[in-house]
Amino acid sequence: MRELLSIRKHSKKRRLSKITDSIEGITIKGVKLKLKKDEEYTLPDILRELNDSNELLVIAYDEAQYFRYANEDFTKILAWVYDKLPNIITIVTGSQVGVLENFLRFDDYKAPLYGRYHVKIPLTRFTPSQSFEFLERGFEEYGLSANPKEILSAIKALDGVPGWLTHYGASRVDGKTHWDAIQDVLIEAEGYIHSEFEELDRASPRYRAIMEIVAGITSRKNSASWTEIKNALELREGKEIDDKNLNLLLKKLVNYGFLEHVGREYRIPDPVIKRIFQT
58 MRELLSIRKH SKKRRLSKIT DSIEGITIKG VKLKLKKDEE YTLPDILREL
108 NDSNELLVIA YDEAQYFRYA NEDFTKILAW VYDKLPNIIT IVTGSQVGVL
158 ENFLRFDDYK APLYGRYHVK IPLTRFTPSQ SFEFLERGFE EYGLSANPKE
208 ILSAIKALDG VPGWLTHYGA SRVDGKTHWD AIQDVLIEAE GYIHSEFEEL
258 DRASPRYRAI MEIVAGITSR KNSASWTEIK NALELREGKE IDDKNLNLLL
308 KKLVNYGFLE HVGREYRIPD PVIKRIFQT
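Using our numbering, the letters of the sequence shown map in sequence onto residues 58 to 336.
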(Lines of atoms letter the chains of each structure in order from A; the text may use other names.)
(Lines give C-alpha, C1' and ligand atoms only; values in the text may rest on other atoms or scores of the structure.)
Protein backbone atom coordinates (compact mmCIF):
# COMPACT_ATOMS: atom_id res chain seq x y z
CA MET A 58 0.00 0.00 0.00
CA ARG A 59 2.74 2.47 0.97
CA GLU A 60 4.65 1.68 -2.21
CA LEU A 61 1.62 2.21 -4.43
CA LEU A 62 0.78 5.54 -2.83
CA SER A 63 4.35 6.75 -3.21
CA ILE A 64 4.15 6.18 -6.96
CA ARG A 65 1.74 9.11 -7.18
CA LYS A 66 4.47 11.56 -6.18
CA HIS A 67 6.64 10.52 -9.12
CA SER A 68 3.86 10.06 -11.64
CA LYS A 69 4.03 12.13 -14.83
CA LYS A 70 0.23 12.21 -15.19
CA ARG A 71 -2.14 13.68 -12.64
CA ARG A 72 -4.92 11.18 -13.36
CA LEU A 73 -3.21 8.46 -11.34
CA SER A 74 -3.58 10.56 -8.20
CA LYS A 75 -7.35 10.35 -8.55
CA ILE A 76 -7.11 6.60 -8.08
CA THR A 77 -4.47 6.53 -5.34
CA ASP A 78 -6.25 9.27 -3.38
CA SER A 79 -9.35 7.15 -3.21
CA ILE A 80 -7.71 3.82 -2.28
CA GLU A 81 -9.24 2.24 0.80
CA GLY A 82 -7.70 -1.21 0.54
CA ILE A 83 -6.19 -3.72 -1.85
CA THR A 84 -7.71 -7.18 -2.11
CA ILE A 85 -6.15 -9.87 -4.28
CA LYS A 86 -9.07 -12.22 -3.81
CA GLY A 87 -11.45 -11.42 -6.64
CA VAL A 88 -8.63 -9.48 -8.34
CA LYS A 89 -10.13 -6.05 -7.56
CA LEU A 90 -9.05 -2.86 -5.90
CA LYS A 91 -11.53 -1.43 -3.41
CA LEU A 92 -11.84 2.33 -3.42
CA LYS A 93 -13.57 4.98 -1.37
CA LYS A 94 -16.66 6.78 -2.65
CA ASP A 95 -18.21 3.45 -3.70
CA GLU A 96 -15.83 3.23 -6.67
CA GLU A 97 -14.22 0.04 -7.89
CA TYR A 98 -11.37 -0.49 -10.31
CA THR A 99 -10.19 -3.86 -11.51
CA LEU A 100 -6.55 -4.73 -11.09
CA PRO A 101 -5.99 -4.39 -14.86
CA ASP A 102 -7.38 -0.84 -14.65
CA ILE A 103 -4.83 0.08 -12.00
CA LEU A 104 -1.98 -1.62 -13.83
CA ARG A 105 -2.91 0.15 -17.05
CA GLU A 106 -2.86 3.50 -15.23
CA LEU A 107 0.53 2.67 -13.70
CA ASN A 108 1.89 1.73 -17.11
CA ASP A 109 0.63 4.93 -18.74
CA SER A 110 1.86 7.13 -15.89
CA ASN A 111 5.46 5.97 -15.69
CA GLU A 112 8.33 5.51 -18.09
CA LEU A 113 9.41 2.38 -16.24
CA LEU A 114 7.93 0.71 -13.19
CA VAL A 115 9.00 -2.44 -11.39
CA ILE A 116 6.22 -4.28 -9.54
CA ALA A 117 7.29 -7.13 -7.25
CA TYR A 118 4.97 -9.77 -5.81
CA ASP A 119 6.47 -11.46 -2.74
CA GLU A 120 5.56 -15.07 -1.91
CA ALA A 121 3.72 -15.20 -5.24
CA GLN A 122 2.95 -18.92 -4.90
CA TYR A 123 0.00 -17.96 -2.68
CA PHE A 124 -1.75 -16.42 -5.69
CA ARG A 125 -2.71 -19.97 -6.58
CA TYR A 126 -5.49 -19.58 -3.99
CA ALA A 127 -7.01 -16.55 -5.77
CA ASN A 128 -10.43 -16.85 -7.38
CA GLU A 129 -8.93 -15.94 -10.76
CA ASP A 130 -5.87 -17.33 -12.55
CA PHE A 131 -3.34 -14.65 -11.66
CA THR A 132 -0.92 -15.90 -14.31
CA LYS A 133 -3.34 -14.51 -16.92
CA ILE A 134 -2.81 -11.05 -15.43
CA LEU A 135 0.97 -11.52 -15.52
CA ALA A 136 0.82 -12.62 -19.17
CA TRP A 137 -1.38 -9.65 -20.07
CA VAL A 138 1.04 -7.25 -18.36
CA TYR A 139 3.92 -8.79 -20.30
CA ASP A 140 2.08 -8.48 -23.63
CA LYS A 141 0.29 -5.15 -23.23
CA LEU A 142 2.08 -2.99 -20.67
CA PRO A 143 5.66 -2.35 -21.84
CA ASN A 144 6.48 0.10 -19.04
CA ILE A 145 5.95 -2.48 -16.29
CA ILE A 146 8.53 -5.06 -15.29
CA THR A 147 7.17 -7.82 -13.08
CA ILE A 148 9.17 -9.63 -10.42
CA VAL A 149 7.74 -12.62 -8.56
CA THR A 150 9.48 -14.11 -5.55
CA GLY A 151 8.75 -17.11 -3.39
CA SER A 152 10.32 -19.19 -0.66
CA GLN A 153 8.62 -22.35 -1.96
CA VAL A 154 10.44 -22.56 -5.26
CA GLY A 155 8.87 -25.77 -6.53
CA VAL A 156 5.35 -24.60 -5.69
CA LEU A 157 6.01 -21.24 -7.36
CA GLU A 158 7.31 -22.88 -10.54
CA ASN A 159 4.30 -25.21 -10.63
CA PHE A 160 2.04 -22.17 -10.28
CA LEU A 161 3.74 -20.14 -13.05
CA ARG A 162 4.01 -23.14 -15.44
CA PHE A 163 6.50 -21.58 -17.82
CA ASP A 164 7.09 -24.96 -19.48
CA ASP A 165 3.40 -25.83 -19.98
CA TYR A 166 2.38 -24.88 -23.53
CA LYS A 167 -1.25 -24.56 -22.40
CA ALA A 168 -0.38 -22.08 -19.60
CA PRO A 169 -0.77 -18.29 -19.98
CA LEU A 170 2.93 -17.59 -19.37
CA TYR A 171 4.26 -20.20 -21.78
CA GLY A 172 6.74 -18.71 -24.23
CA ARG A 173 7.20 -15.45 -22.31
CA TYR A 174 10.80 -14.46 -21.76
CA HIS A 175 11.79 -14.69 -18.12
CA VAL A 176 14.94 -14.77 -16.00
CA LYS A 177 15.35 -16.96 -12.93
CA ILE A 178 17.53 -15.65 -10.12
CA PRO A 179 18.03 -18.34 -7.46
CA LEU A 180 18.96 -17.06 -4.02
CA THR A 181 21.08 -19.80 -2.51
CA ARG A 182 22.23 -20.08 1.07
CA PHE A 183 25.04 -17.67 1.91
CA THR A 184 28.50 -18.97 2.69
CA PRO A 185 29.76 -18.20 6.23
CA SER A 186 31.84 -15.30 4.92
CA GLN A 187 28.89 -13.91 2.94
CA SER A 188 26.65 -14.23 6.00
CA PHE A 189 29.19 -12.39 8.13
CA GLU A 190 29.50 -9.58 5.59
CA PHE A 191 25.71 -9.40 5.18
CA LEU A 192 25.13 -8.87 8.91
CA GLU A 193 28.16 -6.66 9.42
CA ARG A 194 27.23 -4.28 6.61
CA GLY A 195 23.60 -4.28 7.71
CA PHE A 196 24.55 -3.19 11.24
CA GLU A 197 26.87 -0.53 9.82
CA GLU A 198 24.01 0.97 7.81
CA TYR A 199 22.14 1.51 11.07
CA GLY A 200 25.17 2.87 12.88
CA LEU A 201 25.55 -0.19 15.08
CA SER A 202 28.88 -1.75 15.98
CA ALA A 203 28.96 -5.41 15.05
CA ASN A 204 30.14 -7.88 17.68
CA PRO A 205 32.09 -10.54 15.73
CA LYS A 206 31.44 -13.25 18.33
CA GLU A 207 27.69 -12.63 18.21
CA ILE A 208 27.66 -12.59 14.42
CA LEU A 209 29.51 -15.92 14.32
CA SER A 210 27.07 -17.33 16.88
CA ALA A 211 24.12 -16.19 14.74
CA ILE A 212 25.65 -17.76 11.64
CA LYS A 213 26.17 -21.04 13.50
CA ALA A 214 22.53 -21.06 14.65
CA LEU A 215 20.91 -19.83 11.44
CA ASP A 216 23.44 -21.02 8.83
CA GLY A 217 23.30 -18.91 5.68
CA VAL A 218 19.55 -18.68 5.18
CA PRO A 219 19.02 -15.05 4.04
CA GLY A 220 15.51 -14.80 5.48
CA TRP A 221 16.49 -15.84 9.01
CA LEU A 222 19.63 -13.67 8.94
CA THR A 223 17.48 -10.70 7.92
CA HIS A 224 15.00 -11.40 10.71
CA TYR A 225 17.83 -11.68 13.23
CA GLY A 226 19.36 -8.42 12.02
CA ALA A 227 16.01 -6.61 12.18
CA SER A 228 15.50 -7.76 15.79
CA ARG A 229 18.95 -6.47 16.74
CA VAL A 230 18.22 -3.13 15.08
CA ASP A 231 15.01 -2.98 17.13
CA GLY A 232 17.13 -3.18 20.28
CA LYS A 233 16.93 -6.90 21.08
CA THR A 234 19.90 -8.69 22.60
CA HIS A 235 21.72 -11.36 20.62
CA TRP A 236 19.98 -14.30 22.28
CA ASP A 237 16.57 -12.61 22.26
CA ALA A 238 17.00 -12.02 18.52
CA ILE A 239 17.86 -15.71 18.00
CA GLN A 240 14.76 -16.62 20.00
CA ASP A 241 12.67 -14.29 17.83
CA VAL A 242 13.82 -16.20 14.76
CA LEU A 243 12.88 -19.55 16.33
CA ILE A 244 9.44 -18.24 17.30
CA GLU A 245 8.95 -16.89 13.79
CA ALA A 246 9.99 -20.25 12.33
CA GLU A 247 7.57 -22.14 14.60
CA GLY A 248 4.74 -19.90 13.46
CA TYR A 249 5.75 -20.41 9.84
CA ILE A 250 5.79 -24.19 10.22
CA HIS A 251 2.43 -24.17 12.02
CA SER A 252 0.90 -22.08 9.23
CA GLU A 253 2.35 -24.09 6.36
CA PHE A 254 1.62 -27.49 7.87
CA GLU A 255 -2.05 -26.70 8.52
CA GLU A 256 -2.71 -27.45 4.85
CA LEU A 257 -0.30 -30.40 4.71
CA ASP A 258 -1.66 -31.95 7.93
CA ARG A 259 -5.18 -31.88 6.53
CA ALA A 260 -3.94 -33.78 3.49
CA SER A 261 -1.93 -36.35 5.45
CA PRO A 262 -0.25 -36.63 8.88
CA ARG A 263 2.60 -38.38 7.12
CA TYR A 264 4.11 -35.06 5.98
CA ARG A 265 4.93 -34.06 9.53
CA ALA A 266 6.03 -37.61 10.39
CA ILE A 267 8.47 -37.63 7.45
CA MET A 268 9.96 -34.30 8.56
CA GLU A 269 10.44 -35.62 12.09
CA ILE A 270 12.02 -38.81 10.76
CA VAL A 271 14.45 -36.96 8.48
CA ALA A 272 15.31 -34.52 11.28
CA GLY A 273 16.08 -37.44 13.59
CA ILE A 274 18.19 -39.33 11.08
CA THR A 275 20.14 -36.26 9.99
CA SER A 276 21.01 -35.42 13.58
CA ARG A 277 23.40 -38.38 13.29
CA LYS A 278 24.52 -37.99 9.67
CA ASN A 279 24.18 -35.63 6.71
CA SER A 280 21.15 -37.10 4.94
CA ALA A 281 18.46 -39.79 5.10
CA SER A 282 17.96 -42.41 2.42
CA TRP A 283 14.58 -43.22 0.87
CA THR A 284 14.75 -46.69 2.45
CA GLU A 285 15.50 -45.30 5.91
CA ILE A 286 12.52 -42.93 5.67
CA LYS A 287 10.21 -45.71 4.46
CA ASN A 288 11.30 -48.17 7.16
CA ALA A 289 10.93 -45.57 9.93
CA LEU A 290 7.49 -44.51 8.69
CA GLU A 291 6.31 -48.14 8.49
CA LEU A 292 7.62 -48.74 12.01
CA ARG A 293 5.63 -45.73 13.27
CA GLU A 294 2.39 -46.80 11.63
CA GLY A 295 2.82 -50.52 12.05
CA LYS A 296 1.91 -51.21 8.45
CA GLU A 297 3.43 -51.25 4.99
CA ILE A 298 3.63 -47.93 3.09
CA ASP A 299 2.95 -47.83 -0.64
CA ASP A 300 6.07 -46.76 -2.54
CA LYS A 301 4.13 -44.48 -4.90
CA ASN A 302 2.42 -42.71 -2.01
CA LEU A 303 5.73 -42.12 -0.25
CA ASN A 304 7.27 -40.73 -3.43
CA LEU A 305 4.40 -38.25 -3.83
CA LEU A 306 4.75 -37.12 -0.21
CA LEU A 307 8.50 -36.61 -0.58
CA LYS A 308 8.08 -34.76 -3.88
CA LYS A 309 5.61 -32.33 -2.33
CA LEU A 310 7.88 -31.64 0.65
CA VAL A 311 10.72 -30.93 -1.81
CA ASN A 312 8.46 -28.59 -3.81
CA TYR A 313 7.57 -26.72 -0.64
CA GLY A 314 11.26 -26.37 0.15
CA PHE A 315 11.05 -28.30 3.41
CA LEU A 316 13.20 -31.14 2.07
CA GLU A 317 16.10 -31.15 -0.33
CA HIS A 318 16.83 -34.06 -2.65
CA VAL A 319 20.56 -34.79 -2.65
CA GLY A 320 21.43 -37.63 -4.99
CA ARG A 321 19.22 -40.48 -3.76
CA GLU A 322 18.88 -39.09 -0.25
CA TYR A 323 17.01 -36.32 1.56
CA ARG A 324 17.83 -33.64 4.10
CA ILE A 325 16.25 -30.54 5.63
CA PRO A 326 18.11 -27.59 4.06
CA ASP A 327 16.98 -25.03 6.64
CA PRO A 328 18.76 -25.54 9.99
CA VAL A 329 16.12 -23.57 11.91
CA ILE A 330 13.27 -25.72 10.57
CA LYS A 331 15.36 -28.83 11.20
CA ARG A 332 15.77 -27.80 14.84
CA ILE A 333 12.01 -27.38 15.21
CA PHE A 334 11.31 -30.90 13.95
CA GLN A 335 14.00 -32.34 16.22
CA THR A 336 12.22 -31.07 19.35
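Positions of the beta carbon are idealized from the N, C-alpha and C atoms, including for glycine.
Exposure of residue i, with buried meaning 16 or more beta-carbon neighbours within 10 Å
{"i": "Q240", "result": "exposed"}
{"i": "P185", "result": "exposed"}
{"i": "V176", "result": "exposed"}
{"i": "Y225", "result": "buried"}
{"i": "T336", "result": "exposed"}
{"i": "G200", "result": "exposed"}
{"i": "W221", "result": "buried"}
{"i": "G314", "result": "buried"}
{"i": "R229", "result": "buried"}
{"i": "L113", "result": "exposed"}
{"i": "V319", "result": "exposed"}
{"i": "V156", "result": "buried"}
{"i": "L180", "result": "exposed"}
{"i": "S202", "result": "exposed"}
{"i": "V138", "result": "buried"}
{"i": "T132", "result": "buried"}
{"i": "L104", "result": "buried"}
{"i": "G172", "result": "exposed"}
{"i": "I250", "result": "buried"}
{"i": "G295", "result": "exposed"}
{"i": "I146", "result": "exposed"}
Among the options, the one whose alpha carbon lies nearest that of residue i
{"i": "R324", "options": "D300, G273, N111", "result": "G273"}
{"i": "L343", "options": "L192, P143, V230, D237", "result": "The chain is shown only over 58 to 336; residue 343 falls outside these bounds and no answer can be derived."}
{"i": "V311", "options": "I333, E285, K278, Y264", "result": "Y264"}
{"i": "E297", "options": "A227, L305, K287", "result": "K287"}
{"i": "F254", "options": "E190, Y139, L306", "result": "L306"}
{"i": "E247", "options": "Y123, V138, I103, I333", "result": "I333"}
{"i": "L192", "options": "I270, T223, I178", "result": "T223"}
{"i": "K206", "options": "E129, A227, W236", "result": "W236"}
{"i": "A245", "options": "L290, V329, E190, N204", "result": "Looking at the sequence provided, one finds Glu at residue 245 rather than Ala. The candidate whose alpha carbon is nearest that of E245 is V329."}
{"i": "N178", "options": "G295, W283, S152", "result": "The residue asked about is misnamed: residue 178 is Ile in this sequence, not Asn. Among G295, W283, S152, the Cα nearest to that of I178 belongs to S152."}
{"i": "R194", "options": "A227, R173, G172", "result": "A227"}
{"i": "D119", "options": "S202, R105, K233, V154", "result": "V154"}
{"i": "R321", "options": "E269, A281, D165", "result": "A281"}
{"i": "K301", "options": "N159, N111, W283", "result": "W283"}
{"i": "K233", "options": "F196, Y249, K213, H251", "result": "F196"}
{"i": "S252", "options": "L100, A214, Y123, I208", "result": "Y123"}
{"i": "E317", "options": "N279, G295, D299", "result": "N279"}
{"i": "P262", "options": "L303, F189, I146", "result": "L303"}
Residue i - DSSP class collapsed to helix/strand/coil
{"i": "I178", "result": "coil"}
{"i": "S152", "result": "coil"}
{"i": "L114", "result": "strand"}
{"i": "A289", "result": "helix"}
{"i": "E322", "result": "strand"}
{"i": "G82", "result": "Because the pLDDT at G82 is just 47, under 50, the model does not fix this residue reliably, and the value given afterwards should be weighed accordingly. If DSSP states are grouped into helix, strand and coil, G82 belongs with the strands."}
{"i": "A127", "result": "coil"}
{"i": "S276", "result": "coil"}
{"i": "S282", "result": "strand"}
{"i": "E317", "result": "strand"}
{"i": "I145", "result": "strand"}
{"i": "T99", "result": "strand"}
{"i": "E106", "result": "helix"}
{"i": "S188", "result": "helix"}
{"i": "L303", "result": "helix"}
{"i": "T336", "result": "coil"}
{"i": "G200", "result": "coil"}
{"i": "G195", "result": "helix"}
{"i": "F163", "result": "coil"}
{"i": "R265", "result": "helix"}
{"i": "D140", "result": "helix"}
Beta-carbon separation (whole angstroms), residue i vs residue j, contact threshold 8 Å
{"i": "V218", "j": "D327", "result": "6 Å"}
{"i": "A117", "j": "I148", "result": "4 Å"}
{"i": "T275", "j": "K309", "result": "The pair is not a contact, with the Cβ atoms about 19 Å apart (cut-off 8 Å)."}
{"i": "D216", "j": "R162", "result": "Not confirmed; about 31 Å, so no contact."}
{"i": "L290", "j": "I270", "result": "6 Å"}
{"i": "A266", "j": "R293", "result": "6 Å"}
{"i": "A127", "j": "L170", "result": "Not a contact, Cβ separation roughly 15 Å."}
CB contact below 8 Å: residue i versus chain B
{"i": "N288", "result": "In the structure shown, chain B cannot be found, because there is only a single protein chain."}
key: Every unbroken alpha helix (DSSP H) inside the segment 209–259 [4 residues or more]   = 219–230
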